[in-house]
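Numbering (this note's numbering), first residue to last: 1 to 63.
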């Protein structure tokens, strides 16, 4: 199983910077939704339930 610190560092390396010119759109880049989708898949794979991602990229799950 992957260590928590390794997983955190992998997440921190993902380029998810917002686009300052798109202040009317949330999230402001497709990269942010791509990361949310990746996180959703990982949470499902480690056994969390009720994993969802909304249109704004918020990911929620139940432990």
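No residue lacks a Cβ here, since even glycine has one placed at the ideal position from N, Cα and C.
Excluding sequence positions up to five before and after residue 19, its CB lies within less than 7 Å of the CB of 28, 29, all in the same chain and listed in chain order. Membership of residue 28 in any alpha helix (DSSP H) is not indicated, and neither H nor E is assigned to it by DSSP. Per the DSSP secondary-structure output, residue 14 pairs with nothing in a beta bridge. About 4 Å separates the beta carbons of residue 48 and residue 61, which is inside the 8 Å limit, making them a contact pair. Distance from residue 16 to residue 32 at the Cβ level is roughly 5 Å; contact confirmed, criterion being Cβ atoms closer than 8 Å.
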